[in-house]
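Just so we're on the same page, this note's numbering is the position in the sequence shown counted from 1, plus 5.
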Amino acid sequence: MSKFVDTLRATGTGGRDKGFITGEPHAPLRRTWAEVHVTATELAGGLVAGGLRPGTAVAVLAADPAVIAPAVQAVWLAGGSVTMLHQPTPRTDLGEWAQDTLKVLGMIEAGLVLLGSPFDALSGVLDEHKITYRKLTDLAGAQPLTEPVPVEEDATALLQLTSGSTADPKAVRITHRNLMANMTAMIEASKFDFEADTMVSWLPLFHDMGMVGFLTLPMTFGIELVKVSPVEFLGGPLLWFDLISRYHGTVTAAPNFAYAIAGRRLSGVDDDRAYDLSRLRIALNGAEPIDAAAVKSFTDAGARFGMSPGCVLCAYGMAETTLGVAFAAPGDGLEVDVIDADELEAGQRAVPATDGKTRAFPLLGYPLPGLEIKIVDEHGQSRGDREVGLIMLRGESVTPGYLTVNGPVSTQDADGWLDTGDEGYLVNGQVVVCGRRKDVIIMGGRNIYPTDIERAATSVDGVRAGNAVAVRLDAGTRRERFAVALESNRANDPDAAKAIKDEVAARVMDAAGVRPYAVIVLPPGNLPKTPSGKLRRAAAGDQVAKLLAKD
Numbered sequence: 006m007s008k009f010v011d012t013l014r015a016t017g018t019g020g021r022d023k024g025f026i027t028g029e030p031h032a033p034l035r036r037t038w039a040e041v042h043v044t045a046t047e048l049a050g051g052l053v054a055g056g057l058r059p060g061t062a063v064a065v066l067a068a069d070p071a072v073i074a075p076a077v078q079a080v081w082l083a084g085g086s087v088t089m090l091h092q093p094t095p096r097t098d099l100g101e102w103a104q105d106t107l108k109v110l111g112m113i114e115a116g117l118v119l120l121g122s123p124f125d126a127l128s129g130v131l132d133e134h135k136i137t138y139r140k141l142t143d144l145a146g147a148q149p150l151t152e153p154v155p156v157e158e159d160a161t162a163l164l165q166l167t168s169g170s171t172a173d174p175k176a177v178r179i180t181h182r183n184l185m186a187n188m189t190a191m192i193e194a195s196k197f198d199f200e201a202d203t204m205v206s207w208l209p210l211f212h213d214m215g216m217v218g219f220l221t222l223p224m225t226f227g228i229e230l231v232k233v234s235p236v237e238f239l240g241g242p243l244l245w246f247d248l249i250s251r252y253h254g255t256v257t258a259a260p261n262f263a264y265a266i267a268g269r270r271l272s273g274v275d276d277d278r279a280y281d282l283s284r285l286r287i288a289l290n291g292a293e294p295i296d297a298a299a300v301k302s303f304t305d306a307g308a309r310f311g312m313s314p315g316c317v318l319c320a321y322g323m324a325e326t327t328l329g330v331a332f333a334a335p336g337d338g339l340e341v342d343v344i345d346a347d348e349l350e351a352g353q354r355a356v357p358a359t360d361g362k363t364r365a366f367p368l369l370g371y372p373l374p375g376l377e378i379k380i381v382d383e384h385g386q387s388r389g390d391r392e393v394g395l396i397m398l399r400g401e402s403v404t405p406g407y408l409t410v411n412g413p414v415s416t417q418d419a420d421g422w423l424d425t426g427d428e429g430y431l432v433n434g435q436v437v438v439c440g441r442r443k444d445v446i447i448m449g450g451r452n453i454y455p456t457d458i459e460r461a462a463t464s465v466d467g468v469r470a471g472n473a474v475a476v477r478l479d480a481g482t483r484r485e486r487f488a489v490a491l492e493s494n495r496a497n498d499p500d501a502a503k504a505i506k507d508e509v510a511a512r513v514m515d516a517a518g519v520r521p522y523a524v525i526v527l528p529p530g531n532l533p534k535t536p537s538g539k540l541r542r543a544a545a546g547d548q549v550a551k552l553l554a555k556d
């Protein structure tokens, strides 16, 4: 039996009163993890009685976290693997989404789909394509499974769909060993107190940070969790802090864009006593590049409500390591490494600097226990401290491979190293990420990172926070250049749009020393994003190329 399933079961039968709060802000409901486990054993009993075989890939499509938690636990108790299917957003074309979902189900060779409200309507599509499914309401009340189905440590626990995978599906194969190793490492690095800590999250459960960090981890180890949907957060971002305040939240997490939004919303609150954020010890910032200015606006705004600036925990992670790679120390807050921009771009070295043209990168902490990190050049030779190169990872958390539409693909070389595709460097053991290697813009022998351009663009008044993307044009040729696409509420006002274009071009020139070939201003909702809300740079590049071809 895997250690993960053993621990999950022990928490469910251990008699502790820690639990799971859902339904905020309209109909809050609290169930203990023991109660969740009872429901899970019933669902698992129904799965096994229905013929589910060990190792079967089970896809889950439901919206309510209160329904999802016992469903995924039931799959693990029954010996299957879980895939959380991406949910459509209000802007999603439902026909395309259904076709993409069918493509994913074929790729993972799903033996069963579990449907929960409001996605029961997909049953007709599944019937048409002869895909086996069960409605979770039909499984409720089955004879409970008394003993978990035995599984090995290297059996698949989770098939995590990667960002943007609806267009070109790819799933990271996370084993029981991977999952337990990474969760244990994150608990150690974060200094969790199972009795004192309360986690608060709105992150989507089809994203690795939401699924592993803010459902599977607290459910496995018995930590109090308050969980709402992304729709609730986007409908009123201040709900996040209302929940942290009312439930005495100590641990939360989000991508950088959410902290940028939160900083603006908190600064507009008139009453200094509206929230009590004094207990918040970890506000993990990860999943996308961290903007120091956004973090400062968040901590400055939160200070009025007792929030410590040291609560911000900068992190580096990816689905290929289950979730976490490196965490800064709790309580240290944001720390940045300021370096010479010319040395970085031309010499691939991170030389400390205090004046002149500089770049500032957040320190993302030390590798989690059980993970090794090394930096290599284009020939695979190891680089030293403050020398920029490709980030490689090795350890028990690292996935053995992907599932793709063309079959399985290994992620590790002969020595067990994973090529992350990220460029960065080490500073006294701490990780710094500069950007994705494939996205680096090369002009005049300089390596220019898109994040520098995007931060300059979003500093312009009228540009929506987190909604600017720099894309390569004519990549790999002597004519390589770049364009900036951004969203603005002023896009349909020609004079305002022109003013934004001119100001963005000037800010980018000041920040990066190069001028964009084009600046494209789009109305809100036009930049391509992943189902979890991250910008899809490659898709944006295709979009920009088509728009420029029309001009």
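Ideal Cβ positions, reconstructed from N, Cα and C, are used throughout, including at glycine.
Tell me the residue span of the alpha helix (DSSP H) that contains residue i.
i    : result
N261 : N261 to S272
V300 : A297 to A308
K551 : R542 to K555
V526 : From DSSP, V526 is part of no alpha helix (DSSP H) but of the beta strand (DSSP E) over A523 to L527.
G19  : It is not in any alpha helix (DSSP H) - G19 carries neither H nor E in the DSSP assignment.
A279 : First-last for A279: undefined, no H or E at that position.
E508 : P499 to A517
Q78  : P70 to L82
K135 : No alpha helix (DSSP H) contains K135, which DSSP labels as neither H nor E.
V41  : W38 to A54
Let's test the definition: count the other Cβ atoms within 10 Å of the Cβ of residue i and tell me whether it reaches 16, buried, or not, exposed.
i    : result
V92  : Sequence check: residue 92 is Gln here, not Val. It counts as buried.
L553 : exposed
K232 : buried
P123 : exposed
A292 : buried
L540 : buried
H42  : buried
H181 : buried
S415 : exposed
K506 : buried
R460 : buried
L272 : The identity of residue 272 in the sequence shown is Ser, whereas the question assumes Leu. Answer is exposed; the Cβ neighbour count stays below 16.
Considering residue i, what are the terminal residues of the beta strand (DSSP E) in which it resides?
i    : result
P367 : T363 to P367
V341 : V341 to D345
A473 : A473 to L478
T221 : Run containing T221: none; DSSP gives neither H nor E here.
T88  : S86 to M89
G24  : G24 to T27
V381 : L376 to V381
When DSSP builds the beta bridges, which residues end up paired with residue i?
i    : result
P413 : L408
Y430 : V437
G329 : G322
T482 : Beta-bridge pairing links T482 to no other residue.
Can you tell me the Cα-Cα spacing of residue i and residue j, whole angstroms?
i    : j    : result
P521 : V156 : 54 Å
L328 : V403 : 9 Å
G146 : T44  : 8 Å
G169 : K534 : Per-residue confidence for G169 stands at a pLDDT of 47, beneath the threshold of 50, marking its modelled position as unreliable; no derived number is given.
L107 : E114 : 10 Å
F197 : W207 : 20 Å
V65  : V476 : 34 Å
A470 : R36  : 37 Å
G268 : L222 : 28 Å
D444 : V205 : 33 Å
N411 : L164 : 16 Å
R484 : P30  : 53 Å
E193 : P314 : 22 Å
A355 : K379 : 16 Å
A162 : G60  : 9 Å
G336 : G307 : 15 Å
G116 : A54  : 15 Å
V436 : T326 : 15 Å
D342 : D457 : 14 Å
E383 : P294 : 23 Å
A543 : I525 : 16 Å
Since residue i contacts residue j with CB under 8 Å, what's their CB separation in whole angstroms?
i    : j    : result
A488 : V549 : 5 Å
L395 : V474 : Actually they do not touch by this definition, with Cβ atoms about 23 Å apart.
L289 : A320 : 5 Å
L282 : F332 : With a Cβ gap of about 21 Å, L282 and F332 do not count as contacting.
L184 : A176 : Not really, about 14 Å apart at Cβ, beyond 8 Å.
A67  : A76  : 7 Å
M89  : F219 : With 8 Å as the limit, M89 and F219 do not qualify as a contact, their Cβ atoms being about 13 Å apart.
Y430 : E392 : 6 Å
V330 : P372 : 7 Å
At a cut-off of 8 Å, is residue i close to the ligand FAD when judged by its beta-carbon and the heavy atoms of the ligand?
i    : result
K379 : With respect to the ligand FAD, the structure offers nothing, as it holds no ligand at all.
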